[in-house]
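Heads up: the sequence shown begins at 120 in our numbering, then just goes up one per residue.
As structure tokens, the structure follows; a few thoughts come after it.
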Amino acid sequence: MCDRLVMLARIDHRRWVSCCEHGTTHLAWDNVSVRIPLQKLVAISPSLQECAQVARRFRIAGSGEVCVVYDQYDLYQVWLCGVGLCLSPDEFTLFCRLIQEAGEHPTACASSNQASDAAPTTSDPDAPIRTTYHLFSLN
120 MCDRLVMLAR
130 IDHRRWVSCC
140 EHGTTHLAWD
150 NVSVRIPLQK
160 LVAISPSLQE
170 CAQVARRFRI
180 AGSGEVCVVY
190 DQYDLYQVWL
200 CGVGLCLSPD
210 EFTLFCRLIQ
220 EAGEHPTACA
230 SSNQASDAAP
240 TTSDPDAPIR
250 TTYHLFSLN
């Protein structure tokens, strides 16, 4: 059980990112709560920013643990570590800002410095990009 939380970034009482004493990031967005290792959060932040730029033009982008799909209804599907959120463009902008702010927090930066001393982590290049398009047939 987590007893001590450090708030890394916060939009309101339903949307925030914190870190516990175990080195786990707690990402809350409305009714969804996702736990991510702090080192992954630091890597997710720039990946999300990069994917956001690419998805606006090419409709889909993936990098590491992040996949962003800009669908035919002009909604963003954001996939982080296998969990998906469907966001309006305004919500997507807020979400990107929240993750960026959390990634820039001194606690996250300290974790990033410790992780850079360890062995580098790489994602599987053959892993499919996770989207709803892989879950359902168009027929």
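Backbone N, C-alpha and C define an ideal beta-carbon position, used for all residues, glycine too.
Look at the alpha carbon of residue i and the alpha carbon of residue j, and state the distance between them as a whole number of angstroms.
i: residue 170; j: residue 126; result: 25 Å
i: residue 160; j: residue 204; result: 16 Å
i: residue 217; j: residue 168; result: 11 Å
i: residue 208; j: residue 223; result: 23 Å
i: residue 191; j: residue 173; result: 16 Å
i: residue 227; j: residue 158; result: 7 Å
i: residue 175; j: residue 140; result: 37 Å
i: residue 131; j: residue 221; result: 14 Å
i: residue 136; j: residue 202; result: 16 Å
i: residue 193; j: residue 186; result: 16 Å
i: residue 128; j: residue 155; result: 15 Å
i: residue 206; j: residue 225; result: 28 Å
i: residue 179; j: residue 144; result: 26 Å
i: residue 142; j: residue 177; result: 35 Å
i: residue 138; j: residue 195; result: 26 Å
Using DSSP's beta-bridge definition, name the partner residues of residue i.
i: residue 146; result: 136, 153
i: residue 129; result: 135
i: residue 166; result: Beta-bridge pairing links residue 166 to no other residue.
i: residue 199; result: 185, 202
i: residue 180; result: 187
i: residue 124; result: 139
Would you decide whether residue i is buried or exposed? Buried here means 16 or more other CB atoms lie within 10 Å of its CB.
i: residue 164; result: buried
i: residue 166; result: buried
i: residue 184; result: buried
i: residue 229; result: exposed
i: residue 214; result: buried
i: residue 121; result: exposed
i: residue 146; result: buried
i: residue 181; result: buried
i: residue 235; result: Any reading at residue 235 is ruled out, since the residue's pLDDT is 48, under 50, leaving its predicted position unreliable.
Would you please state the rounded distance, in angstroms, between the beta carbons of residue i and residue j? I believe it to be under 8 Å.
i: residue 211; j: residue 197; result: 7 Å
i: residue 151; j: residue 200; result: Wrong, their Cβ atoms sit about 12 Å apart, outside the cutoff.
Would residue i and residue j be called neighbours here (beta carbons separated by less than 7 Å)?
i: residue 149; j: residue 123; result: no
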